[in-house]
Amino acid sequence: MLAVLIALPILGILGAWFGLDAAGIDSLRQQMQTVLPGYLVTSGWLALMVTLGVALVGGTVAVAISLFEFRGKRFFSWALLLPMAMPAYVCAYAYTDFLQYAGIVQGTLRGWFPGFRFDVRGLPGAIFLFVFTLYPYAYLLARNALSERGTHLMEAARMLGTPLRERIVRVALPLARPALMAGAALALMETLADYGVSAYFGLTTFTTGIYKAWMVLDDRIAAAQYASALLLFVAVLLWLERREQQRMRFSSVRGHRGDDGGAEARLPVLGGGRAVLAWLVCGLPVLLGFVLPVLILLQLWWGELGRTAQTGFEGGSASLFSFSRYAGWVWNSFRFGGMAALVAIVLALSLCFAQRAGGMSRVSGWLLRGVARLASMGYAIPGSVIAVGILLPVAWLQAVWPAASLGILLTATSLGVIYAYLVRFTAVAVQSVEAGYTRIPASVDEAARTLGSSRGAIAWRLHVPLLWRSLATAALMVFVDVVKELPATLLLRPFDTDTLAVIAHNLARDERLGEAALPALSIVAVGLVPVLVVMRALDTRKN
């Protein structure tokens with residue numbers, strides 16, 4: 003029942019097609035002749051180019067870090083993860099100001115090339131932003147795949163006389179291909195789920211089309227149709243990603259324990275020009291995906307502080323920079339994140355314990371795994387699709403039963419947005435708790451039941467203390483994802499309840515980038531927390 007409740011928005015979107023009438027068919031025909039081709043073309047080009055770019059950048063830096071030794075490698079190995087803390091829409095705000103027509107970059111280029119002009123707000127700019135903020139997905143998976151067996155196989159190829167270039171092309175890249183494709187699929191799902199960059203750059207994607215159809219045109223049928231088309235595409239991506247993950251198992255088997263660190267598996271050392279090339283390959287993604295946007299946002303914030311000091315902190319300007327307002331945005335973000343994280347770990351513990359207990363008692367294990375997988379689909383679904391999937395059944399219920407107060411509960415209180423967060427991010431908590439359960443042998447549960455403990459006692463008194471690290475990690479990941487979430491919050495937040503993500507988007511949309519810098523930097527600071535956790539986990543595993 004928990005899994006079905008979490009998956010209810012997906013069922014609501016699919017169920018909208020059953021109520022399709024003549025007016026809906028006519029609306030669909032008009033969309034196919036007007037806006038739908040543009041959505042397909044823009045989303046298709048964005049998907050294709052981001053996939054290729056993420057695989058190229060992630061694979062290149064993974065090869066450099068995993069298969070070679072050079073000065074500064076330890077720094078780059080964790081610095082390459084920093085763009086994970088930078089939401090793409092925050093990066094868009096920074097680069098828009100940095101590359102504006104009157105900015106220093108375009109001014110300098112016009113001095114060299116008279117008449118030169120470009121606008122970052124377009125499809126190429128969006129592709130650039132997504133590639134350099136999402137490549138860590140491919141880098142992390144490919145790095146793990148190459149580190150486990152790539153070193154030994156590259157050394158074997160070298161002893162057979164294969165040149166370095168051919169060793170990379172014929173050994174390293176095929177070995178990392180399943181991991182690269184899995185990482186690219188994750189990055190692609192994040193791209194399709196994005197609303198901030200597409201809306202800020204004026205792109206006609208499915209996500210912006212869903213928001214416009216629901217909020218601007220008040221056309222729930224069109225919104226459901228766009229959402230179902232995007233849902234179908236995401237389902238295909240999920241299948242491809244799962245397939246590549248299964249194939250990746252064949253390339254992630256460790257060598258013999260005695261081979262680790264052996265002289266025959268020593269990494270080649272780069273020096274001179276090759277070391278400089280490695281620094282450029284590893285340093286450019288970090289610079290473009292994290293360092294430069296942070297510096298731009300800091301400069302915008304500092305300039306806004308100077309203007310605010312001249313006019314008074316809450317003086318005659320239209321500035322929103324009062325401490326009370328900023329504290330309210332922070333409180334809303336932390337309140338939503340804390341509530342969603344707490345409920346998510348309870349749901350994850352319940353689902354994972356049900357699978358474990360069902361497997362022990364041999365009760366329809368396939369059914370339990372099926373409903374848990376159904377509940378895990380939400381993470382790959384854009385927030386706008388989830389919001390539409392929540393609002394459609396509510397609208398139908400209000401039409402059938404006007405006296406019901408469910409619509410008010412979901413739209414006028416925090417319940418609706420918290421529900422959307424749980425649908426989207428419970429999968430993150432489930433994955434963390436499942437990983438923790440793999441380290442608890444089934445014999446522990448059997449011993450507790452032999453001593454007369456009930457299932458509730460086993461879960462609360464035995465599993466929770468043993469899983470506290472996994473539960474804390476799950477809560478942290480859900481909290482950070484909620485703070486960064488934009489489309490679901492825009493559609494479902496209660497009146498006059500803005501979060502850091504919403505206020506940063508609204509200020510940037512109004513071209514008030516100086517005021518948007520502080521909430522944007524706050525989002526980045528919160529996003530750094532899980533990145534630091536991942537870095538520490540990698541160092542711990544290496545040690």
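Mapped onto this note's numbering, the consecutive letters of the sequence shown carry residue numbers 3 to 545.
The beta carbon of each residue, even a glycine, is placed where N, CA and C say it ideally should be.
- Residue pairing from DSSP places V271 in a beta bridge opposite E71.
- At a Cβ-Cβ threshold of 8 Å, S472 and V446 do not count as neighbours.
- Nearest to S524 by C-alpha distance, out of V332, V122 and L58, is V332.
- Sixteen is the threshold: when 16 or more other Cβ atoms of the shown chains lie within 10 Å of the Cβ of P89, as they do, the residue is buried.
- Apart from the 5 residues on each side of it in sequence, H507 sits with its Cβ closer than 7 Å to the Cβ of Y91, G198 and L488 in its chain, given in chain order.
- By the neighbour-count definition (other C-beta atoms within 10 Å, threshold 16), G339 is a buried residue.
- If you draw a 10 Å sphere on the C-beta of G74, you find fewer than 16 other C-beta atoms in it, and that means exposed.
- V37 sits in coil when the DSSP states are folded into three classes, being neither helix nor strand.
- Taking C-beta atoms as the reference points, V480 and A329 fail to come closer than 8 Å.
- Put simply, the region 298–308 does not touch the region 464–478. Fewer than three CB pairs are less than 8 Å apart.
- Straight-line spacing of the CA atoms in L175 and G61 works out to 8 Å.
- In the three-state reduction of the DSSP assignment, I383 falls in the coil class, being assigned neither a helical nor a strand state.
- Annotated as distal: A522 and Y103, with beta-carbon spacing of 8 Å or more.
- The three-state secondary structure of E157, taken from DSSP, is helix.
- The DSSP-derived three-state label of S455 is coil.
- Looking at the backbone, the Cα of Y228 and that of L534 are separated by about 37 Å.
- Beyond the five residues adjoining it in sequence on each side, Y202 comes within less than 8 Å, by CB distance, of Y91, A94, Y95, T98, R123, H507, A510 and R511 in the same chain, given in chain order.
- DSSP, reduced to helix, strand and coil, places A414 outside both helices and strands of the structure shown, so it counts as coil.
- Between G46 and the set S230, V278 and F235, the nearest pair of CA atoms involves F235.
- Across the set I298, E71 and M191, the C-alpha of E71 shows the shortest separation from the C-alpha of V278.
- Cβ neighbours of R169 within its own chain (closer than 8 Å, five residues either side excluded): M156, A159 and R160.
- Under the three-state reduction of DSSP, Y91 is assigned to helix.
- Around the beta carbon of P126, a 10 Å sphere encloses fewer than 16 other beta carbons of the protein chains shown; the residue is thus reported as exposed.
- Rounded to the nearest whole angstrom, the C-alpha separation of L219 and L393 is 15 Å.
- A140: member of the alpha helix (DSSP H) spanning L125 to A147, first to last residue.
- Here A184 is near L143, since their CB atoms are less than 8 Å apart.
- Taking a C-beta distance under 8 Å as the contact criterion, A490 and Y439 do not qualify as a contact pair.
- With fewer than 16 other Cβ atoms inside 10 Å of its own Cβ, A24 counts as exposed.
- Of the residues assessed, P404 falls on the exposed side of the cut-off, its CB having fewer than 16 other CB atoms within 10 angstroms.
- Where P85 is concerned, there is no enclosing alpha helix (DSSP H), because DSSP gives it neither an H nor an E.
- Note on geometry: alpha-carbon atoms of V288 and D483 lie some 21 Å from one another.
- In the three-state scheme derived from DSSP, where H, G and I count as helix and E and B as strand, V122 is classed as coil.
- Taken through DSSP and simplified to helix, strand or coil, G105 comes out as coil.
- Under the 10 Å beta carbon count, W216 is surrounded by 16 or more other beta carbons and is classified as buried.
- Take V59, set aside five residues on each side of it, and the residues of its chain with a beta-carbon closer than 8 Å to its own are V133, F134, Y137, A140, Y141 and P287, in chain order.
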